[in-house]
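Visitor: If you're matching positions, the sequence shown starts at -13 in my numbering and goes up one per residue.
In this text, a Cβ means the ideal position worked out from N, Cα and C, and glycines have one as well.
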Amino acid sequence: MPGVNGICNTIMSHFGADFELFLRHGAASRNFRNFAQKVVGIAHHWQVRAGAFGDKTRPDGRDDPAGWEIEMKLYYSPGACSLASHITLNEAGVPYTAEKVDLRAKRTESGADFAAINPRGAVPALELDDGEVLTEGVAIMQHVMDSAAPGALPAPGTLARARLSEALNYVSTEVHKTYSPLFRGLEGDAKANQLALLDTRLQVVEDRLAKSDWLAGDGYSPADAYFFTVTNWSKGMGHDLSKFPRVTALRAKVAARPAVQKAMQAEGLI
Ligand SMILES: N[C@@H](CCC(=O)N[C@@H](CS)C(=O)NCC(=O)O)C(=O)O
């Protein structure tokens, strides 16, 4: 069964073309022409609105996001790993709203039960324009870019896309999750060991940056936003990043991006 959008497309393609023929050959009366234009107009109206009724095809392309009446909503906590998704939404230039989450109370700023939105209680969570909730930053960032800025990331199936996945997964599993235990108040040898492990993870990135200006491919990507986000945490932990000069230089380049400044301002970080 075609969805609302499919039916509208059918009306548009068949009837729209027929009416055009009528108009071109002068075979239609003024009344019939008005009627024809109305039918095409109504079909177009519902085609555009279909996005708000759960039809997942984006009918109006990215040039006219106003056709989408329900915006995506990012659930975030200031400075948490959700900042990378926040930055990526800005980079994609897609309309969205953002709501702060109290991670201890598992409540959103408007008082909603966050556990009902993401049962794992973690940010980022992205409510899509059809109401579905997508979690996991790596998935969110790729979905945002692929759906809102087609072609900006390397195409799935290419080695370049695998390299992006490689970098995102490295940041997620090896860097982000090496910081995590430090938030649980490690002390003494346990803290020193964890910081040493973090240094080995960061050295891998430092070495990569000797050969390339960015974490993945030849240009900026969500992997750089994610790496910037998690390495922001070093400061609060007394972890010195200056021993990684290329990492420090990359962080400065990422920080200067308008999308990053905008996300940090929105989260009250600067
Ligand atoms: N694997 C998840 C991890 C998300 C995560 O660790 N989020 C942290 C903030 S950086 C969080 O919400 N922690 C609170 C909790 O898990 O209760 C992802 O990459 O999105």
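Would you mind listing the beta strand (DSSP E) stretches within the segment 93 to 152 that are 3+ residues and don't spill past its ends, in chain order?
Guide: As far as the segment 93 to 152 is concerned, its whole beta strand (DSSP E) runs of at least 3 residues are 111 to 113 and 119 to 121.
Visitor: Under the DSSP definition of a beta bridge, which residues are partnered with Leu259?
Guide: Beyond the ends of the chain as shown, which are -13 and 256, falls residue 259; an answer cannot be given.
Visitor: Provide the residue span of the alpha helix (DSSP H) that contains Val157, from first to last.
Guide: Counting along the chain, Val157 falls outside any alpha helix (DSSP H), and DSSP gives it neither H nor E.
Visitor: Quick one: residues in its chain with C-beta nearer than 8 Å to the C-beta of Thr257, no 5 flanking neighbours on either side, listed in chain order?
Guide: For the chain, the structure presents residues -13 to 256; residue 257 sits outside this window and is missing.
Visitor: DSSP three-state label for His72, please.
Guide: It is helical.
Visitor: Quick one: residues in its chain with C-beta nearer than 8 Å to the C-beta of Asp99, no 5 flanking neighbours on either side, listed in chain order?
Guide: Here the set comprises Lys92 and Arg93.
Visitor: Starting from the C-beta of Pro244, find all residues in its chain whose C-beta is less than 8 Å away, skip the five residues before and the five after it, and write them out in chain order.
Guide: So the list reads Asn76, once near-sequence residues are dropped.
Visitor: Ordered along the chain, which non-local residues of its own chain (more than five positions away) have a Cβ less than 7 Å from that of Tyr82?
Guide: Counting only Cβ-Cβ distances below 7 Å, and skipping sequence neighbours, we find Glu57, Met58, Lys59, Leu60 and Leu75.
Visitor: Can you look up Lys221 in the DSSP assignment and give me helix, strand or coil?
Guide: If DSSP states are grouped into helix, strand and coil, Lys221 belongs with the helices.
Visitor: Closest to Val80 by CA distance: which of Leu114, Pro231, Val161 and His162 is it?
Guide: Taking only the C-alpha atoms, the option nearest Val80 is Leu114.
Visitor: In terms of alpha-carbon separation, which member of Asp116, Tyr165 and Val130 lies closest to Ser207?
Guide: Cα-wise, what sits closest to Ser207 is Val130.
Visitor: Looking at Ala209: is its Cβ nearer than 8 Å to the Cβ of Leu150?
Guide: Closer than 8 Å, so yes.
Visitor: Hey, would you say the C-beta of Ser207 is under 7 Å away from at least one heavy atom of ligand 1?
Guide: Ser207: no, Cβ never under 7 Å from ligand 1.
Visitor: Quick one: is the Cβ of Val233 within less than 7 Å of any heavy atom of ligand 1?
Guide: No.
Visitor: Do the segment 130 to 147 and the segment 173 to 181 make contact, defined as three or more Cβ pairs closer than 8 Å?
Guide: With a cut-off of 8 Å, the segment 173 to 181 and the segment 130 to 147 do not count as touching, because too few Cβ pairs lie within range.
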